[in-house]
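These notes concern the structure reproduced below.
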Amino acid sequence: KKHNFITMVLSEYKADIPYGVVSIDEENNYAGVVEKPTYQYFINTGVYIVNPRVIDELEEDKPISFPDIIEYYRNKGEKIGCYIVNESAYMDMGQFEELEKMKEKLNV
Numbered sequence: 145k146k147h148n149f150i151t152m153v154l155s156e157y158k159a160d161i162p163y164g165v166v167s168i169d170e171e172n173n174y175a176g177v178v179e180k181p182t183y184q185y186f187i188n189t190g191v192y193i194v195n196p197r198v199i200d201e202l203e204e205d206k207p208i209s210f211p212d213i214i215e216y217y218r219n220k221g222e223k224i225g226c227y228i229v230n231e232s233a234y235m236d237m238g239q240f241e242e243l244e245k246m247k248e249k250l251n252v
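Add 144 to the 1-based position in the sequence shown for the working numbering, that's all there is to it.
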């Protein structure tokens, strides 16, 4: 039990770059190249576990995004934690192509 005020559920995401990625210095001089790298990131699944106070303190009829809520409480010193799930543990529907994949997977 980590006693987070807010916990964000994250997923691992790997991005394959099909090209050589070139690094340059501040004067635009060549600094190196990595051929067809794979980068790993942690992405926001849009799932949050929140202290009930977060809901109680929301202003009625005032739209606000969860990233803004998280920043607000982080700036107030509240503990914001992350829980990481495997990329197969959730399905994204934020993009049309991903929604179609989700529908296929669920036979909908």
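For each residue, glycine too, the CB sits at the ideal point set by N, CA and C. What you are looking at is a predicted structure, and each value in this text was computed from that prediction instead of being measured.
- request: Provide the residue span of the alpha helix (DSSP H) that contains Asn219, from first to last.
  value: The residue labelled residue 219 in the question sits at position 75 within the sequence shown. Counting along the chain, the alpha helix (DSSP H) containing Asn219 begins and ends at 210 to 219.
- request: For the alpha helix (DSSP H) holding Phe240, just list the boundary residues, first then last.
  value: The residue given as residue 240 occupies position 96 in the sequence shown. From DSSP, the alpha helix (DSSP H) with Phe240 extends over 240 to 249.
- prompt: Taking the alpha-carbon positions, what's the Cys226 to Asn172 distance?
  reply: Mapped onto the sequence shown, residue 226 falls at position 82. Mapped onto the sequence shown, residue 172 falls at position 28. Whole-angstrom Cα-Cα distance: 37 Å.
Closest by C-alpha distance to Ile184, when choosing among Tyr234, Tyr216, Ser155, Arg197: As a working mapping, residue 184 is identified with position 40 in the sequence shown. Before going on, a small fix: residue 184 reads as Gln here, not Ile. That would be Ser155, whose Cα lies nearest to the Cα of Gln184.
- request: May I ask you to check if the CB of Tyr227 is nearer than 7 Å to at least one heavy atom of the ligand PLP?
  value: In the structure shown, the ligand PLP is absent, as is every other ligand, since no ligand is present at all.
task: Would you identify the three-state DSSP class for Val198, choosing helix, strand or coil?
output: For the purposes of this step, residue 198 is identified with residue 54 of the sequence shown, where counting begins at 1. Note: Val198 maps to helix in three-state DSSP.
- request: Pick helix, strand or coil for Glu231, following the three-state DSSP scheme.
  value: What you label residue 231 is simply residue 87 of the sequence shown in a count that begins at 1. Three-state result, Glu231: helix.
task: Could you check if Tyr217 is buried or exposed, using at least 16 other CB atoms within 10 Å of its CB as the buried criterion?
output: Looking up residue 217 in the sequence shown gives position 73. So Tyr217 counts as buried.
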